[in-house]
Structure formats: structure tokens, C-alpha cells
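Presented below is the structure to which this report refers.
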Amino acid sequence: NLEIHCDVAPRTCENFFALCAMGYYEGTIFHRSIKNFMIQGGDPTGTGLGGESIYGKTFRDECDGRLSHSGRGMLSMANSGKDTNGSQFFITYKSCKHLD
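Have a look at this one:
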């Protein structure tokens, strides 16, 4: 089960739900796993370089401090810098407060 905070990150949640509903993630792999940090997936190319959002290639961040990477199993969008969210996501293996 996942806990999704649509009240805090509505566009991010809409993107994730829509990609799930359209089968975008079917057959994709977790292409990156870093011990004691996270596992990453959501790239249809399986390389870590692909994927795009339902809004086009990327969309802006919705970070505002109400959520924290506190604990194992936190789900977040993976990106390559500010406002570069696409389809990739990661799940933490443990707390990662440095990401907040």
C-alpha cells in the first residue's frame, strides 16, 4: 500500500496516478538500487535517462516542507534537478532527511 498526499502535491499525484492507470509502468524495471538509500524505477527505457510526465516532458516541483523523507518506504519523484519531474520515482530504504 502507498500513502499519497494529493493535498500537498496534487500535480505530482495526478501524474503518478495517471501514468499508473494508463499502464505506463507495466513491464518497467527498477533500474537503480543504492544500498541504504533507495530503489528507483519508472523509466520505460530502463536506463534511468527516459520517461516523461503527463504534462509533457517534465513539470515543476511541489516541495513545501510539509512532507519529509522520514523512514523506510517513502515514495518520491526522481528528477535531475529543480523542476525536472517526469515519470521516474524512488522508494527509500531508510530515512533520507537530506532530501527534504
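If you use the numbering used here, the sequence shown corresponds to residues 459 to 558, in order.
Quick reminder that beta carbons are idealized off the backbone N, C-alpha and C, glycines included.
- As computed with DSSP, T550 is found in a beta bridge with M496.
- Using a Cβ distance threshold of 7 angstroms, D519 and D541 count as a contacting pair.
- A check of alpha carbon separations from K555 across F495, T486, H489 identifies F495 as the nearest.
- DSSP lists Q498 as the beta-bridge partner residues of R490.
- In the displayed model, L533 falls within a strand according to three-state DSSP.
- DSSP, reduced to helix, strand and coil, places N459 outside both helices and strands of the structure shown, so it counts as coil.
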